[in-house]
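Take the sequence shown: its position 43, counted from the start at 1, is 68 in my numbering, and no numbers get skipped.
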Amino acid sequence: MGAEVGDEVVIVYSSEVVEITKKVPEGRLITIVEICKKIAEKHKVKACCFLITGIFIMLAAKAAEEAARQGKNLGISYWRTLKADGFLNEKYPGGAETRKEHLEKEGFKVIRKGSKDAVQNYQDFLTP
Numbered sequence: 026m027g028a029e030v031g032d033e034v035v036i037v038y039s040s041e042v043v044e045i046t047k048k049v050p051e052g053r054l055i056t057i058v059e060i061c062k063k064i065a066e067k068h069k070v071k072a073c074c075f076l077i078t079g080i081f082i083m084l085a086a087k088a089a090e091e092a093a094r095q096g097k098n099l100g101i102s103y104w105r106t107l108k109a110d111g112f113l114n115e116k117y118p119g120g121a122e123t124r125k126e127h128l129e130k131e132g133f134k135v136i137r138k139g140s141k142d143a144v145q146n147y148q149d150f151l152t153p
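Structure follows, in structure tokens:
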């Protein structure tokens with residue numbers, strides 16, 4: 026899904042990332058790669074900027090946690106968004122351990138791969 030020199034790419038809008046993240050139902054997952062594929066397809070280009078996408082996912086996660094502390098639910102299930110290859114994002118609010126607990130409550134098996142946590146067989150749970 027990577028772009029080559031000369032390929033058209035899209036710089037994503039935060040609203041696009043949040044919209045996709047909100048649509049991931051309980052029992053399903055999505056990776057940053059899948060988010061970028063969806064956005065690139067929508068804009069009819071080869072790729073989207075992974076860096077900006079990652080930044081917007083992180084901002085959405087922080088906004089969701091801040092809202093939760095105020096008793097509000099933004100409906101952003103950011104913990105269901107994984108890094109490429111199914112790894113948990115340890116930079117999300119609360120770190121990987123908090124995300125692991127959340128995912129395990131939803132029935133996912135989180136395993137240790139080297140020094141990081143990943144969802145076992147995450148590909149089987151990717152949202153279409």
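The beta-carbon is built from N, C-alpha and C at its ideal position, and this holds for glycine as well.
Status (buried if at least 16 other CB within 10 Å, exposed otherwise) for residue i
i, result
"N146", "exposed"
"A93", "exposed"
"S102", "buried"
Span separating the alpha-carbon of residue i from that of residue j
i, j, result
"T152", "K47", "12 Å"
"F75", "K108", "11 Å"
"S39", "I80", "9 Å"
"C61", "V49", "14 Å"
"G96", "K67", "34 Å"
Rounded Cβ spacing between residue i and residue j (contact assumed at less than 8 Å)
i, j, result
"V58", "V35", "At roughly 15 Å, the Cβ-Cβ gap does not stay under 8 Å, so V58 and V35 are not in contact."
"D32", "A72", "7 Å"
"L84", "W104", "Not quite, the Cβ-Cβ distance comes to about 15 Å (not below 8 Å), so this is no contact."
Reduced DSSP secondary structure (H/G/I, E/B, other) of residue i
i, result
"T152", "coil"
"R137", "strand"
"A143", "strand"
"C74", "coil"
"I55", "strand"
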